[in-house]
Amino acid sequence: MSDKPNITYGPSNPHPLSQMRTELVWEGKYDEFGNRREVNVAHLSMPLQRTEAIDWPQSRAKAQGTLFDDARAHADDFRNRLIWGDNRAVIAALLEEFKGAAKLIYIDPPFDIGTDFSLSVAIGDGKETAEKDQSILEMVAYRDMWGKGTNSYLHMLYERLILSRELLSEDGIIFVHIGSNINHLVRVLMDDVFGRDNFLNEIIWKRTHAHSDAKRFGIIHDCLLMYSNSENYSFFRQHKPHDDSYIKSHYGQVDENGRRFRLVTLSAAGPGPARKFGDRVIDPPPGRHWAWGQQRIDEGLKSGKIVFARTGQPNIKQYLDEMDGTVVQSIWDDIPPVNPVSAELLGYATQKPEALLERIINCATSEGDLVVDFFCGSGTTLAVAEKLGRRWIGADLGRFAVHTSRKRLIGVQRELHEQGRRYRSFDVFNLGRYERQWWQRDILKGAEDEHHKVVLRFFRAEPLPHAPSPLIHGRKAAAFVHVDGIDSIFSGEEAKAVALAVKAAGGKQVHCLAWDFEMDIRQTIAGIESELDVKIRLHRIPREIMEKNRTEVPPFFEVALLEAEPVLRNAPKGKTVEIKLKSFLPSLTEVPSKELEALQERAMTSGFDFIDFWAVDFDWAPDKPFNHHWQDYRTRKDRSLKTISDADFSYNKPGKYTACVKVVDVFGCDTSISVEIEV
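Below, the structure written as structure tokens:
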């Protein structure tokens, strides 16, 4: 006899399955007790740290002591933001200041599980290229995104959409750019987050030309899922030029000035009175009225805009160049991908054309509105937003993406300033040590001791089980060794703590091994070494040690080495200062092993070939962001690079000053040093 209760389901006692709503469920959406997991904003929220301030035209003018019309040059006092870091933590950090402020959010998350994220980057004059791999942080993030297949991807996106909804204004719109392989699931996910009633469009963008797939139709489109945050959203209808066949069939007449036009009736539905047309009074057709009033009719007759048909009825000359064009629908086949020879091309495999973002931004925002993109990649959304007079915030986990965006946006600043158009300054932020702590807490799952042992073995260092400090993990010859956490960013603050521990243990030198380093760590190392009399050597842990059954010892490259010196020149009002690069040796940390030997030799003899961008802050202080007083960088068209600045920088009074020199190599890795100046 069964112990199960005898339950009868029916109209009076419906089965639970009969009352379930349509829902997308994935692993991680609910906890072990069946409760929906909430996104803990307080757990994620951490302060943003401003590391760079960029306003090249203004900085250039002030450096040379020339006038700068701030009111004319700047749209307002809002400073745009470019942020390096995990976008989940970035959005949470933005909510305190920008909750409900974004008029448009556009995101283009990676949606191809098989994507190869290596890039081809130009070296020197551009005749040679090298491959660039992902950084460790990018690799771990991508692993987390797709580690459990679609489940991981949906959970990643769900958390970010929940946070984005809080960032979006009540009348705002969000676009998610997604591939046809997963758009069906993402649309249901967005129904869950924003509500099915707030779905506006699924837009098809023809992103490429025909494919000759053998066993299916060629996939040549992406999808844009468009949702509002409420029913009170703002939308501005977009137009595109008429195609040639339409023009020929509808605008077949040409006037004496070469302008195409067509004749359309002057009457409209609904009865109305007669009007004077010169010396004639003409009644409209039965049941219709004249669409123009008497004054406009008189003007139309005078300008030749009104012409008469053989029947004597008045028509209007409708000129093609006065029309808005065809109203854009939900299939966008008029915006091609970025042309391989276009100046717009930056080498990103997933780079979107500016015309696509221009249409998206124009349909959802007005001048001055805030546009957000937290998978900003090469910075297309941000560049277009700047050109259209919108405020913007962009974020990306990739250091190379942030560097590419920074260069592009500096170029936009220069372009707008030269055209006499207003622009906005922007700042670069990161999450600094707060992000490192977050990575350790959320990603690191124990086994830290084993991690130390593996790294020390490949570094050929001896483990110290009874080390004098928890920050000292091994010894190599006379130097101590510190191994940073597997998913940490080694910071200047950490470097000082390690150096203090080494000094207390009687050491004079320490090797600091880390997977990744905080931006601008070289700015603080020299001061720590001078203060504590401890030599600090920074080494990147090679990703090869993660390979299964790896026995061969891979190289542990030191962080890029940079030398620079001041150049003082006599000027009518005192002295001007320039900075000269003396030497540069890149780290080559993100170069595939197959290319390493050849590039190492090239780097030793021609280190400057690996510099992609460099900038100078002539009045740097360690407690302030890096201020771009001068900068130079390579572009696809112009591969030349200055090794001496031409800022003509002058100080207000004689004294001792500190300049900071920031160099970014072709792989997006940056290093900075301080240079002492006395005038």
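Oh and the sequence shown: position 348 is 348 in UniProt numbering, straight run, nothing missing. Heads up, the beta-carbon is just placed ideally off N, CA and C, and yes, glycines get one too. Only a predicted model underlies this, so the values are computations on that prediction, with no experimental measurement involved.
Residue burial classification, residue i (beta-carbon count within 10 angstroms, cutoff 16)
i	result
Val553	exposed
Ser249	exposed
Ala210	exposed
Tyr30	exposed
Leu67	For Leu67, the predicted structure reports a pLDDT of 46, less than 50, and the residue's modelled location is therefore unreliable. The matter cannot be settled from this model.
Thr115	With a pLDDT of 47 at Thr115, under the threshold of 50, the predicted position of this residue should be treated as unreliable, though the coordinate-derived value follows. Label assigned to Thr115: exposed.
Val664	buried
Asp484	buried
Gly446	Bear in mind that the predicted position of Gly446 carries a pLDDT of just 46, short of 50, making it unreliable; the figure below should be weighed with that in mind. It counts as exposed.
Arg399	buried
Glu676	exposed
Asp533	exposed
Leu17	exposed
Ser180	exposed
Val264	exposed
Ser342	exposed
Ile219	exposed
Val254	exposed
Asn652	exposed
Val616	buried
Ala477	exposed
Val559	buried
Arg88	buried
Gly668	buried
Glu601	exposed
Phe217	exposed
Option nearest residue i by Cα separation, candidates the options
i	options	result
Pro586	Phe277, Pro336, His511, Val666	Val666
Leu345	Gly368, Val327, Ser378	Ser378
Val577	Ala647, Val412, Val186, Thr326	Ala647
Lys582	Lys575, Val412, Phe608, Arg602	Phe608
Val567	Ala603, Phe649, Arg639	Phe649
Leu382	Ile178, Met46, Ile83	Ile83
Ala475	Glu462, Ser469, Gln295	It is Arg, not Ala, that sits at residue 475 in the sequence shown. Cα-wise, what sits closest to Arg475 is Glu462.
Leu561	Leu588, Pro622, Arg50	Leu588
Pro542	Glu563, Leu513, Ile525, Leu532	Leu513
Ser672	Leu641, Ile611, Lys656	Ile611
Asp55	Phe584, Ser330, Lys407	Lys407
Phe199	Ala101, Met190, Pro109	Met190
residue 681	Asp623, Glu32, Val679, His539	The first residue shown for the chain is 1 and the last is 679, placing residue 681 beyond what the model contains.
Arg634	Asp86, Phe375, Ala122	Ala122
Leu388	Arg414, Gly394, Gly411, Leu357	Leu357
His221	Ser230, Arg207, Glu231, Ser228	Arg207
Arg422	Tyr158, Ile536, Arg414	Arg414
Phe98	Ile247, Ile393, Ala355	Ile393
Ile107	Val307, Trp515, Thr22, Thr350	Thr350
Met156	Phe235, Val455, Gly28, Leu168	Gly28
Assumed close pair residue i, residue j - CB separation to whole angstroms, cut-off 8 Å
i	j	result
Lys240	Asp373	Between Asp373 and Lys240 the Cβ distance is about 23 Å, and since that is not below 8 Å, they are no contact.
Lys662	Phe618	About 12 Å; that fails the 8 Å criterion.
Gly507	Phe490	About 18 Å separates the two Cβ atoms, so there is no contact after all.
Ile361	Arg390	6 Å
Ala364	Ile178	So it is not a contact: roughly 17 Å between Cβ atoms.
Val281	Ala274	5 Å
Arg286	Ser267	Strictly speaking, residue 286 in this sequence is Pro, with Arg absent from that position. Not really, about 10 Å apart at Cβ, beyond 8 Å.
His289	Gly312	His289 to Gly312, Cβ: 17 Å. No contact.
Ala497	Leu471	6 Å
Ala101	Met46	That pair is no contact at about 19 Å.
Continuous alpha helix (DSSP H) stretch holding residue i: start and end
i	result
His451	448-458
Tyr233	That residue, Tyr233, is in no alpha helix (DSSP H); it is neither H nor E in DSSP.
Gly389	It is not in any alpha helix (DSSP H) - Gly389 carries neither H nor E in the DSSP assignment.
Ile178	It is not in any alpha helix (DSSP H) - Ile178 instead sits in the beta strand (DSSP E) that spans 168-179.
Ala355	354-364
Val299	Checking the sequence, you will find Glu at residue 299 rather than Val. Taken as a continuous stretch (DSSP letters only), the alpha helix (DSSP H) holding Glu299 covers 294-303.
Val412	399-418
Tyr246	244-250
The beta strand (DSSP E) enclosing residue i, as first and last residue numbers
i	result
Asp617	611-617
Asn183	That residue, Asn183, is in no beta strand (DSSP E); its alpha helix (DSSP H) goes 183-194.
Phe277	275-277
His289	288-290
Arg50	49-54
Ser674	670-678
Cβ-heavy atom distance, residue i to the ligand PLP, below 6 Å
i	result
Arg636	The ligand PLP is not part of the structure shown, which contains no ligands of any sort.
* Asked: Enumerated in chain order, which unbroken segments of the beta strand (DSSP E) with a length of 3 residues or greater are wholly contained in the segment 79-103?
  -> 80-84
* To do: Could you name each continuous alpha helix (DSSP H) segment of 4 residues or more that falls completely within the segment 471-513, going from the start of the chain to the end?
  => If only uninterrupted alpha helix (DSSP H) runs of at least 4 residues are considered, those enclosed by the segment 471-513 are 492-504.
* alpha helix (DSSP H) runs contained entirely in the segment 561-608, provided each spans 4 or more residues -> 593-605
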